[in-house]
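K.L.:
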Amino acid sequence: MNINVENVSVSRSGHQVLNDLSFELQDGHILSVMGKSGCGKTTLLRVIAGLGSADTGTITIGGRDVTGIPPQERRAVYLYQEALLFPHLNVLENLAFGLKIRGENKKSAENKARDMLEQLDLTSHAHKKSEQLSGGQRQRVAFGRALLVSPSVLLLDEPFSNLDSETRMAMQQLYRKMAQERGITTIFVTHDLKEAVIMGSRLSYMEEGKLRVYDDLQTFAADPLTGMQREIGFWQSFDKK
Amino acid sequence: MSGGYRGLFYGISLLPLLAGTVYALAYSLGLAGIGAPAFTTGYWALVLQSPETWISLLLSLAIALAVVITAVPVALLLVLNYSEVLENPVIRYLLFLPVSVPPLIAAFMGTEWLGAGGMTARAALVATGGVMPSLINNYWHAGIFITLTFMSIPFLTILLWQYSRAEKLSGLAELATSLGATRRQILFRVAIPVLLNRALPQIGLMFVFLFGAYEVPLLLGMQSPRMISVLIAHKFSKFDLADIPHAYALTVLYALVVSIIAWLVSRTNREAA
Amino acid sequence: MRKYGVPVFIAVVLILPFLYLPALSVAGTWKYPFLLPASWSPEHWERLFGAHQGFVPVVIHSVLLSGSVALLTTGTGFFLGRLLSGDAGHRQIQAVGYLTYAFSPVIYAYCLQFFFLKTGMSGTVPGVIIVQFLLFFPFSVIYFISHWGRNMKALEELCFTLGASRRDAWILALLPVSAPAIRTAFFQIFVFSWFDFGLTRVIGQGRVSTLSLTVWQYLAEADPHIAAAGSCLLLLPPAILMLINEKNIRFKP
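These protein sequences, in sequence, are chains A, B and C. The opening position of the first sequence corresponds to residue 139 in the numbering used here, with each subsequent residue numbered one higher. The opening position of the second sequence corresponds to residue 27 in the numbering used here, with each subsequent residue numbered one higher. The opening position of the third sequence corresponds to residue 986 in the numbering used here, with each subsequent residue numbered one higher.
(1) Would you say Arg381(A) lies against chain C (beta-carbon separation less than 8 Å)?
(2) Contact criterion: CB-CB distance below 8 Å. Does Trp1030(C) meet it with respect to chain F?
(3) Between which two residues does the beta strand (DSSP E) harbouring Ser1024(C) extend?
(4) Spell out whether any CB of chain C is found under 8 Å from the CB atom of Pro180(B).
(5) Find the residues of chain B that neighbour Pro1002(C), judging by a C-beta separation of less than 7 Å, and give them in chain order.
(6) Between the segment 203–223 of chain A and chain C, which residues of the former have CB atoms less than 9 Å from a CB of the latter, in chain order?
(7) Checking the sheet assignment: what are the DSSP bridge partners for His260(B)?
(8) Give me the chain B residues within the contact set of Leu1228(C), using Cβ-Cβ distance strictly less than 8 Å, ordered along the chain.
(9) When you compare the CB of Asn308(A) with every CB in chain C, is at least one pair closer than 8 Å?
(10) Taking just the CA atoms, how far does Leu1068(C) sit from Tyr31(B)?
(11) Who are the near neighbours of Gly190(A) in its chain, counting only those whose CB is closer than 8 Å to its CB and skipping five residues on each side?
(12) Could you give the DSSP three-state label for Asp295(A): helix, strand or coil?
(13) Following a CB-centred definition, is Ile270(B) positioned closer than 7 Å to any heavy atom of the ligand FAD?
(14) Near Ile179(B), which residues of its chain fall below 7 Å by C-beta distance, leaving aside the five closest residues on each side in sequence?
(15) Under the rule that 16 or more other beta-carbon atoms within 10 Å means buried, what is Glu297(B), buried or exposed?
(16) Check the Cβ-Cβ distances between Asp1153(C) and every residue of chain A, and say whether any is below 8 Å.
(17) DSSP three-state label for Gly371(A), please.
(18) Please list, in chain order, the residues of the segment 1131–1158 of chain C that have any C-beta partner in chain A closer than 7 Å.
(19) To be precise: take each residue of the segment 1175–1200 of chain C, compare its Cβ to all Cβ atoms of chain B, and keep it if any distance is under 7 Å. Which residues remain?
(20) Check whether the Cβ atoms of Val1054(C) and Ile1000(C) lie closer than 8 Å to each other.
(21) Quick check on the DSSP output: the alpha helix (DSSP H) that includes Glu1028(C) runs from which residue to which?
(22) Thinking Leu293(A) and Ile197(A) are a contact (beta carbons under 8 Å), I'd like their distance in whole angstroms, please.
(23) Contact check, Ser54(B) vs Tyr69(B) under 8 Å by CB: the rounded distance?
(24) At the level of alpha carbons, what is the spacing between Leu258(A) and Ala284(A)?
(25) Taking Cβ to Cβ, would you say Phe1180(C) is nearer than 8 Å to Gly1052(C)?
(26) For chain C, find out if any of its Cβ atoms is closer than 8 Å to the Cβ of His226(A); answer yes or no.
(27) List the endpoints of the continuous alpha helix (DSSP H) containing Ile81(B).
(28) Should Ala299(B) go down as buried or exposed, given a rule of 16 or more other Cβ atoms within 10 Å for buried?
(29) When Cβ atoms are compared, which residues of the segment 170–203 of chain A fall closer than 7 Å to chain C?
(30) Kindly indicate which three-state DSSP category His153(A) falls into: helix, strand or coil?
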């Protein structure tokens, strides 16, 4: 489903967080969003998810105006930095949660959850509670749970930032593969330049409440704001040494 | 919307107390109550000029302070020197079981153990052949002090032990060691300040509870002087109606002292809920 | 083993009175200066539960009264705590909590006695329930404000984005996750109420019987053996609670 955000503004406590922000993301694409801390990336995701309201503007998902529609009806799943698993449910039950609340019968929900467990390579952890899992495992379960409800849009708020580099790489690969297979439109917020480039089919940078979406990687790299040139220059300086 | 709920909270929490204190003040000024004469400061003058009032307040403050000054170092000793032992759930349960004892039963135990014919006196007689004086209803209020201290130590030990884990004290100690600190320096510049800083609001609250203790001084204290809660209750329960305005004046005085201490405690609390 | 020396010694000293109470309750004659009773006898327990003592009704009455206070206070604290969790005035709320928490229950009761007399609530069970509710309410709210922190809010929002209705989010996630906190608050407030003596004595005006007041009565009658038996019963629920939940205790001398 494509996402269309038009002229969205949000102010909080006298501070303009999103400033007449507009962009469009085509169906099945992953938009990487970078920007400094506090520039409004999380607010953007929350407004699209329906967890916060915009002062002005409209949000359209799959051609349907969702502005003012409650989050339960938008099919836009928001994933936090911290993998939020329900502490009272085991891994299998966590995965099946979204299906059960949609009225899927217990057996069918469990079967789908088991299939997902296999894809996530977590079959042996089915009956564990969240505190028994590592950070990466918890994040995989959180993803699996989100994917099982077949969302129109996935909103990922720095989901890999708490993971070590190896786990992070594995998660990046897993996510890209699953998102491509299912054709899920994604907005992916990250601080990591490399991750933004790996994950995103489109790249963007948020500053002063506005989102600058780049046509291609070259345009993104050329903009000094993104810091890519600095990064390249840093690694090139090693070469010279 | 949130302001409305906050108002509801303040209403239920504060209004009864305020209303009660205002009534107490009115009664003590002769503006309310049976046969209220008219406005008078006579009762207040009597209460403020009465040595009984100040001795009671000072006694209550002194006992509370003495208990805190004794219990805090003991709790610190247990937590800092025996933290590994406290990890043992059996030891922890045994050590902390006294927290489940209500003041009434603690006072009862005090009468049975600290009296002239109590178990401590019997043990002393068997061990030394000497007669131990009664520690209850005595001039030094030893029975009250000992009982309240025994009640306070387990609570403080749990509190400080939980804080030592939350503040990762062992990690801080290791860090200090790597920076060159000696054991003594770690104790007095890291461990104790970290724990006391964190526990200060709770210790302050405990001080206020001890100040207003009732059951323990009721059973173990002398007829005079009395701790403040006991004195106030005593005046309310007397048949002489002339004592009631005095009791209300003391209540207002008590409310003032507690409010000041509670305000100070809230200022020491760096954590919002 | 040496390191266990001091803590075990202190634990034993603190535990001795716990062993003493049951011993006193089944002691026949225990005269000075003997360290152990001359004889053992269940007669004090028989007297305690004897029909003329009316003890069993008092215990049931205490359980119901404390249970009611705990239910009312936990319930209101749970929901108001949620409504206040997003409030910016946490420090003021906590300051108010400290004030009411710090107030001596017996003096609190004397402050409110006039109003309870005027409304006819004095000397009644509902009156005692209400006054205990008023005293424990701030503790309950402040406890639940910290429970309804950012994580709970995030959990609720997660449920919404997964498609759960508000009702489903409560039934399937928020209530089950809150269950341990609710249980802790309930039992903590139950214990506060179970122990309460001064407040109940003043507002109850001697017409509301609780286990604490009954034990006091035996003490006043200088009957330490039967008072010891009653005390053992008084100690039972909190001792069990401590076994389950030692990390959530509150101090109230």
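Here a beta-carbon is modelled for each residue, glycine too, at the ideal position from N, C-alpha and C.
P.N.:
According to the structure data:
(1) With chain A covering 139 to 379 only, the question about residue 381(A) has no answer from this structure.
(2) Absence of chain F from the displayed structure is noted, the protein chains being A, B and C.
(3) If you number the third sequence from 1, residue 1024(C) lands on position 39. No beta strand (DSSP E) contains Ser1024(C), which DSSP labels as neither H nor E.
(4) Taking the first residue of the second sequence as position 1, residue 180(B) is located at position 154. With a threshold of 8 Å between beta carbons, Pro180(B) makes contact with chain C.
(5) As a working mapping, residue 1002(C) is identified with position 17 in the third sequence. Residues of chain B passing the Cβ test: Met135, Trp139.
(6) Listed by position along the chain: Pro208, Pro209, Gln210, Glu211, Arg212, Arg213, Ala214, Val215, Tyr216, Leu217, Tyr218, Glu220, Leu222.
(7) Taking the second sequence and counting its residues from 1, one reaches residue 260(B) at position 234. DSSP, once it has assigned bridges, lists no residue as partnering His260(B).
(8) Walking along the third sequence from the start, residue 1228(C) turns up at place 243. Within chain B, the residues near Leu1228(C) are Tyr119.
(9) Your numbering for residue 308(A) matches position 170 in the first sequence. Checking the sequence, you will find Ala at residue 308(A) rather than Asn. No, its Cβ sits nowhere closer than 8 Å to a Cβ of chain C.
(10) As a working note, residue 31(B) is residue 5 in the second sequence. As a working note, residue 1068(C) is residue 83 in the third sequence. Computed Cα separation, rounded: 7 Å.
(11) Here residue 190(A) refers to the residue found at position 52 when the first sequence is read from its first residue. For Gly190(A), where only same-chain residues beyond five positions count, the Cβ hits under 8 Å are Val148, Thr181, Arg184.
(12) Stepping through the first sequence from its first residue, residue 295(A) is reached at position 157. Note: Asp295(A) maps to strand in three-state DSSP.
(13) Because no ligand of any kind appears in the structure shown, any question about the ligand FAD cannot be addressed here.
(14) Numbered from its first residue, the second sequence carries residue 179(B) at position 153. Cβ contact annotation for Ile179(B) (same chain, cutoff 7 Å, sequence separation greater than five): Ala97, Val100, Ala101, in chain order.
(15) Translated into positions along the second sequence, residue 297(B) becomes position 271. With a pLDDT of 47 at Glu297(B), under the threshold of 50, the modelled position of this residue cannot be trusted; read the value that follows with caution. Glu297(B) is classed as exposed because its beta carbon has fewer than 16 other beta carbons within 10 Å across all chains shown.
(16) Mapped onto the third sequence, residue 1153(C) falls at position 168. Judged by the 8 Å Cβ criterion, Asp1153(C) is in contact with chain A.
(17) On the first sequence, residue 371(A) is found 233 positions in, with the first residue counted as 1. The answer is helix: DSSP assigns Gly371(A) an H, G or I state.
(18) Residues Ala1139, Leu1140, Glu1142, Leu1143, Phe1145, Thr1146, Leu1147, Gly1148, Ala1149, Ser1150, Asp1153, Leu1157, Ala1158.
(19) Close to chain B, meaning a Cβ-Cβ distance shorter than 7 Å, are the following residues of the segment 1175–1200 of chain C: Phe1180, Phe1182, Gly1183, Ser1197, Val1200.
(20) Looking up residue 1054(C) in the third sequence gives position 69. Looking up residue 1000(C) in the third sequence gives position 15. Not in contact: Val1054(C) and Ile1000(C) (Cβ atoms no closer than 8 Å).
(21) What you label residue 1028(C) is simply residue 43 of the third sequence in a count that begins at 1. Per DSSP, the continuous alpha helix (DSSP H) segment holding Glu1028(C) begins and ends at 1028–1034.
(22) Walking along the first sequence from the start, residue 293(A) turns up at place 155. Walking along the first sequence from the start, residue 197(A) turns up at place 59. A Cβ-Cβ separation of about 12 Å leaves Leu293(A) out of contact with Ile197(A) under the 8 Å criterion.
(23) The residue given as residue 54(B) occupies position 28 in the second sequence. The residue given as residue 69(B) occupies position 43 in the second sequence. So it is a contact: roughly 5 Å between Cβ atoms.
(24) To locate residue 258(A), count along the first sequence from 1; it is residue 120. To locate residue 284(A), count along the first sequence from 1; it is residue 146. For Leu258(A) and Ala284(A), the distance between alpha carbons rounds to 13 Å.
(25) Taking the third sequence and counting its residues from 1, one reaches residue 1180(C) at position 195. Taking the third sequence and counting its residues from 1, one reaches residue 1052(C) at position 67. For Phe1180(C) and Gly1052(C), no; Cβs fall outside 8 Å.
(26) Residue 226(A) sits at position 88 when you count from the first residue of the first sequence. Chain C contact via Cβ: present.
(27) As a first step, residue 81(B) is located in the second sequence; it is residue number 55 there, counting from the start. In this chain, the alpha helix (DSSP H) harbouring Ile81(B) covers 77–107.
(28) Reading the second sequence from its first residue, position 273 is the one you call residue 299(B). Below a pLDDT of 50, predicted positions are generally treated as unreliable, and Ala299(B), at 35, falls in that range; no measurement from the model is reported.
(29) Taking 7 Å as the cut-off between beta carbons, the residues of the segment 170–203 of chain A near chain C are Ala187, Leu189, in sequence order.
(30) Here residue 153(A) is taken as the residue at index 15 of the first sequence, counted from 1. His153(A): strand per DSSP, three-state reduction.
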